[in-house]
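Residue numbers (the numbering used here): 226 to 368. Beneath this line is the structure, given in C-alpha coordinates, with notes to follow.
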(Lines of atoms letter the chains of each structure in order from A and count residues from 1; the text may use other names and numbers.)
(Lines give C-alpha, C1' and ligand atoms only; values in the text may rest on other atoms or scores of the structure.)
Protein backbone atom coordinates (compact mmCIF):
# COMPACT_ATOMS: atom_id res chain seq x y z
CA UNK A 1 0.00 0.00 0.00
CA UNK A 2 2.74 2.52 0.55
CA UNK A 3 3.50 2.52 -3.18
CA UNK A 4 -0.11 3.37 -3.98
CA UNK A 5 -0.14 6.34 -1.59
CA UNK A 6 3.12 7.65 -3.02
CA UNK A 7 1.74 7.45 -6.53
CA UNK A 8 -1.49 9.24 -5.56
CA UNK A 9 0.56 12.02 -3.93
CA UNK A 10 2.64 12.54 -7.09
CA UNK A 11 -0.44 12.79 -9.29
CA UNK A 12 -2.08 15.33 -6.98
CA UNK A 13 1.09 17.43 -6.84
CA UNK A 14 1.26 17.69 -10.63
CA UNK A 15 -2.36 18.53 -11.42
CA UNK A 16 -3.58 22.16 -11.50
CA UNK A 17 -1.65 25.45 -11.59
CA UNK A 18 0.72 26.79 -9.02
CA UNK A 19 0.24 30.14 -7.38
CA UNK A 20 3.21 31.58 -9.29
CA UNK A 21 1.74 30.54 -12.67
CA UNK A 22 -1.58 32.18 -11.82
CA UNK A 23 0.14 35.39 -10.67
CA UNK A 24 2.26 35.56 -13.85
CA UNK A 25 -0.83 34.99 -16.01
CA UNK A 26 -2.68 37.82 -14.24
CA UNK A 27 0.28 40.18 -14.71
CA UNK A 28 0.41 39.30 -18.41
CA UNK A 29 -3.34 39.84 -18.88
CA UNK A 30 -3.22 43.18 -17.03
CA UNK A 31 -0.27 44.31 -19.18
CA UNK A 32 -2.23 43.49 -22.35
CA UNK A 33 -5.27 45.43 -21.10
CA UNK A 34 -3.11 48.47 -20.32
CA UNK A 35 -1.53 48.33 -23.78
CA UNK A 36 -4.94 48.12 -25.48
CA UNK A 37 -6.36 51.05 -23.49
CA UNK A 38 -3.30 53.17 -24.22
CA UNK A 39 -3.49 52.38 -27.93
CA UNK A 40 -7.17 53.32 -28.11
CA UNK A 41 -6.43 56.68 -26.44
CA UNK A 42 -3.66 57.30 -28.95
CA UNK A 43 -5.99 56.57 -31.87
CA UNK A 44 -8.55 59.09 -30.58
CA UNK A 45 -5.90 61.78 -30.15
CA UNK A 46 -4.49 61.10 -33.61
CA UNK A 47 -7.94 61.31 -35.21
CA UNK A 48 -8.70 64.60 -33.46
CA UNK A 49 -5.38 66.01 -34.66
CA UNK A 50 -6.05 64.84 -38.21
CA UNK A 51 -9.49 66.47 -38.27
CA UNK A 52 -8.06 69.75 -36.95
CA UNK A 53 -5.37 69.58 -39.63
CA UNK A 54 -7.97 69.12 -42.38
CA UNK A 55 -10.04 72.04 -41.03
CA UNK A 56 -6.99 74.31 -40.83
CA UNK A 57 -6.00 73.35 -44.38
CA UNK A 58 -9.49 74.23 -45.64
CA UNK A 59 -9.44 77.64 -43.93
CA UNK A 60 -5.90 78.43 -45.12
CA UNK A 61 -6.73 77.46 -48.70
CA UNK A 62 -9.82 79.71 -48.67
CA UNK A 63 -7.76 82.67 -47.42
CA UNK A 64 -5.14 82.08 -50.11
CA UNK A 65 -7.88 81.92 -52.78
CA UNK A 66 -9.28 85.25 -51.56
CA UNK A 67 -5.80 86.83 -51.50
CA UNK A 68 -5.25 85.72 -55.10
CA UNK A 69 -8.55 87.33 -56.14
CA UNK A 70 -8.53 90.94 -57.36
CA UNK A 71 -9.71 93.25 -54.56
CA UNK A 72 -12.60 94.63 -56.64
CA UNK A 73 -13.75 91.06 -57.39
CA UNK A 74 -13.93 89.87 -53.77
CA UNK A 75 -17.33 88.37 -52.95
CA UNK A 76 -19.87 90.29 -50.89
CA UNK A 77 -20.22 88.18 -47.72
CA UNK A 78 -21.10 90.50 -44.83
CA UNK A 79 -21.34 89.27 -41.26
CA UNK A 80 -23.10 87.80 -39.37
CA UNK A 81 -24.29 85.22 -41.94
CA UNK A 82 -21.47 85.40 -44.48
CA UNK A 83 -21.28 83.03 -47.44
CA UNK A 84 -21.39 79.28 -47.22
CA UNK A 85 -18.42 77.34 -48.60
CA UNK A 86 -19.64 74.29 -50.53
CA UNK A 87 -18.04 70.88 -51.00
CA UNK A 88 -17.68 71.71 -54.69
CA UNK A 89 -15.50 74.70 -53.75
CA UNK A 90 -13.66 72.78 -51.04
CA UNK A 91 -13.53 68.98 -51.61
CA UNK A 92 -11.77 68.35 -48.26
CA UNK A 93 -14.93 69.49 -46.48
CA UNK A 94 -16.36 66.00 -47.02
CA UNK A 95 -13.51 64.55 -44.90
CA UNK A 96 -14.94 66.24 -41.81
CA UNK A 97 -17.92 64.59 -40.09
CA UNK A 98 -20.90 66.95 -40.50
CA UNK A 99 -18.46 69.51 -41.89
CA UNK A 100 -19.47 73.02 -42.93
CA UNK A 101 -17.61 76.25 -43.58
CA UNK A 102 -18.46 79.94 -43.96
CA UNK A 103 -16.55 83.04 -44.94
CA UNK A 104 -17.33 86.62 -44.00
CA UNK A 105 -15.82 89.72 -45.57
CA UNK A 106 -16.39 93.10 -43.96
CA UNK A 107 -14.83 96.53 -44.31
CA UNK A 108 -12.11 96.94 -41.72
CA UNK A 109 -12.76 99.91 -39.40
CA UNK A 110 -15.00 101.57 -42.01
CA UNK A 111 -12.22 101.57 -44.62
CA UNK A 112 -13.25 100.53 -48.10
CA UNK A 113 -9.62 99.72 -48.99
CA UNK A 114 -9.17 96.97 -46.38
CA UNK A 115 -11.34 93.88 -45.89
CA UNK A 116 -11.46 91.81 -42.72
CA UNK A 117 -11.85 88.14 -43.65
CA UNK A 118 -13.05 85.44 -41.27
CA UNK A 119 -13.14 81.77 -42.25
CA UNK A 120 -14.98 79.37 -39.91
CA UNK A 121 -14.85 75.61 -40.32
CA UNK A 122 -17.24 73.53 -38.20
CA UNK A 123 -17.55 69.79 -37.71
CA UNK A 124 -18.82 67.30 -35.15
CA UNK A 125 -16.55 64.92 -33.29
CA UNK A 126 -17.98 62.42 -30.78
CA UNK A 127 -21.26 64.38 -30.70
CA UNK A 128 -19.36 67.54 -29.69
CA UNK A 129 -19.25 70.54 -32.04
CA UNK A 130 -15.75 71.66 -33.06
CA UNK A 131 -14.72 74.90 -34.78
CA UNK A 132 -11.62 76.53 -36.23
CA UNK A 133 -11.53 80.23 -37.08
CA UNK A 134 -8.87 82.01 -39.11
CA UNK A 135 -9.02 85.76 -39.49
CA UNK A 136 -6.93 88.03 -41.71
CA UNK A 137 -6.93 91.38 -43.49
CA UNK A 138 -6.79 91.87 -47.25
CA UNK A 139 -5.78 95.25 -48.61
CA UNK A 140 -6.53 96.82 -51.97
CA UNK A 141 -2.78 97.36 -52.44
CA UNK A 142 -1.79 93.81 -51.46
CA UNK A 143 -0.21 92.69 -48.21
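Glycine is no exception: its CB is placed at the ideal position from the N, C-alpha and C atoms.
Burial state of residue 326 is buried, judged by a 10 Å Cβ sphere holding 16 or more other Cβ atoms.
Across the structure, residue 335 and residue 341 are spaced so that their CA atoms are roughly 10 angstroms apart. Your pair residue 344 and residue 287 checks out as a contact, with CB atoms roughly 5 angstroms apart and the cut at 8 angstroms.
The beta-carbon separation of residue 297 and residue 346, rounded to 27 angstroms, does not stay under the 8 angstroms limit for a contact.
The three-state reading of DSSP puts residue 365 in coil, since its state is none of H, G, I, E or B.
Residue 303 carries a coil assignment under DSSP once its states are collapsed to helix, strand and coil.
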